[in-house]
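Read the structure below first, then the notes.
Written out as structure tokens, the structure reads:
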């Protein structure tokens with residue numbers, strides 16, 4: 016996998032944290048969750064801009080899954 020490059024600074028981003036769980040929202044108003052994904056969080060060493068990248072092909076959970084809301088405390092909203 017290639018490293019993300021910061022558009023603002025032109026520097027390679029550094030891995031900040033692996034296995035960050037983020038929720039994809041279904042609607043533009045961010046009221047309804049749709050899927051949960053596991054990402055790697057990258058950060059620019061110059062300006063601090065962060066991005067999530069490197070998720071798998073399939074989400075960890077879908078909103079219609081029975082245990083979807085059981086792990087809501089683990090989710091970081093980005």
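Numbering (this note's numbering), first residue to last: 16 to 93. Beta carbons: idealized from backbone N, C-alpha and C, even for Gly. From a predicted model like this one, the values you see are computed outputs, not experimental measurements.
Q.
Can you tell me whether residue 35 is buried or exposed? The criterion is at least 16 other CB atoms within 10 Å of its CB, across all chains shown.
A. Counting from one through the chain shown, the residue named residue 35 turns up at place 20. Residue 35 should be labelled buried.
Q) What residues match up with residue 20 in a beta bridge as DSSP calls it? A) Counting from one through the chain shown, the residue named residue 20 turns up at place 5. For residue 20, the beta-bridge partners assigned by DSSP are 27.
Q | Residue span of the beta strand (DSSP E) that contains residue 65, given as start and end | A | Position 50 of the chain shown, counted from the start, is the residue given in the question as residue 65. Start and end: 65-68.
**Q.** Strand pairing of residue 33, partner residues [DSSP]
**A.** Counting from one through the chain shown, the residue named residue 33 turns up at place 18. BP columns for residue 33 point to 55.
Q.
For residue 24 and residue 18, I'd like the C-alpha separation in whole angstroms.
A. As a working mapping, residue 24 is identified with position 9 in the chain shown. As a working mapping, residue 18 is identified with position 3 in the chain shown. Roughly 14 Å separates the two Cα atoms.
Q) Of the residues 22, 20, 59, 78, which one's Cα is nearest the Cα of residue 52? A) Position 37 of the chain shown, counted from the start, is the residue given in the question as residue 52. If we check each option's Cα against that of residue 52, 78 comes out closest.
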